[in-house]
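A.B. asks: Per the numbering used here, residue 27 is the first one in the sequence shown, and the count goes up by one each step. Just so you know, even glycine gets a beta-carbon here, dropped at the ideal spot from N, CA and C.
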Amino acid sequence: MKFGLGVAGAFTASKGWTQVCGDNTGEQALGPFFPQPGTPIDPIREDESQQTPIYLANDWNLTKVMGRRGSASGQVVYVKGVVTDRACKPLEGATLIIWQASESGRYNHRGDMDNADFEDPRTGKIIHRTLDPYFQSWGQTKTNAQGEYFFKTIVPGFYPADLTSKWYRPPHIHFMVSALGHPQLVTQMYFRSPEIADNDFIQELNSKDFILQSKSLTENQREHLVVEFQTGSFNGESNLLVGEFNLQMD
């Protein structure tokens with residue numbers, strides 16, 4: 027089932043909304059797999075109007091594709107947060123776009139064709155990076171009057187960025203945030219939780235990731251990009267994994 031932003035009031039987490047002020051959110055690379063016209067292998071479009079850019083054509087729930095009966099494979103999580111300005115004032119009407127890999131680490135993008143099969147560095151088992159027809163791949167939403175947003179998605183898979191150097195990208199979600207009167211913010215969010223499968227391995231990948239460990243980030247900014255997921259509830263459902271990723275714009 028798809029829900030609109032009207033259910034925001036029903037979204038609670040174990041610690042509620044935390045303090046959102048602090049350093050500006052650290053910027054990260056856009057990456058090569060942002061959904062542009064003509065780039066998706068499976069051009070998912072919930073908004074069928076061709077006047078709507080494809081990166082704005084899907085909603086906040088990435089675990090379902092409108093018109094398809096199945097659900098996305100993978101561990102379901104909710105990502106919520108508050109978008110603020112430098113003075114910590116919530117920004118209403120900010121547009122957030124997210125995009126990410128599937129559970130097996132494959133982007134719905136024609137540019138993601140290399141290393142479709144690779145060896146798991148822990149076990150040597152072959153991992154097949156495949157598209158999931160029931161995973162939405164990208165989505166968008168707008169903040170409410172309190173600057174709040176949320177997405178429902180899955181933990182993406184890790185994948186090889188460079189097998190020669192044995193660099194594997196950890197699970198992450200790309201964010202693009204636009205708000206009137208502010209420079210666009212592009213960043214990436216990473217995962218941490220004992221309740222997430224393979225958490226120890228994910229933390230190892232986080233610690234070695236060239237993008238997350240970039241010297242352009244302060245230590246506080248880097249730590250903020252790694253989100254701790256906790257048990258929470260949403261729209262009457264309990265025992266869900268909820269992560270809070272607040273975003274502060276210039």
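Under 8 Å, do Y104 and V268 count as touching if we go by C-beta distance?
C.D. replies: Going by C-beta atoms, Y104 is nearer than 8 Å to V268.
A.B. asks: For a test of the three-state rule: what should DSSP assign to F227, helix, strand or coil?
C.D. replies: It is helical.
A.B. asks: Cα separation between Y216 and G107?
C.D. replies: Cα to Cα, Y216 sits roughly 14 Å from G107.
A.B. asks: Taking the alpha carbon of E174 as the point to measure from, which residue in P61, Y185, L122, Q101 has its own alpha carbon closest?
C.D. replies: Per the Cα distances, L122.
A.B. asks: Looking at the structure shown, is R71 part of a helix, part of a strand, or coil, going by DSSP?
C.D. replies: The answer is coil: DSSP assigns R71 none of H, G, I, E or B.
A.B. asks: Going by beta carbon distance, what residues of the same chain come within less than 6 Å of Y194, once the five residues before and after it are set aside?
C.D. replies: The residues are F184, P186, L231.
A.B. asks: Just to check my reading of the structure: A205 and L117 have Cβ atoms closer than 8 Å, yes? What is that Cβ distance to the nearest angstrom?
C.D. replies: Contact flag correct, Cβ pair sits at about 5 Å.
A.B. asks: Measure the C-alpha to C-alpha separation of T78 and I153 and round it to an integer number of angstroms.
C.D. replies: For T78 and I153, the distance between alpha carbons rounds to 35 Å.
A.B. asks: Per DSSP, F255 forms a beta bridge with which residues?
C.D. replies: Partner(s): G269.
A.B. asks: Once the 5 residues before and after Q247 are set aside, which same chain residues still bring their CB inside 8 Å of it?
C.D. replies: Within the same chain, Q247 has close Cβ partners D49, N50, T51, G52.
A.B. asks: So, are the CB atoms of H200 and M275 less than 8 Å apart?
C.D. replies: Not a contact, by the Cβ cut-off of 8 Å.
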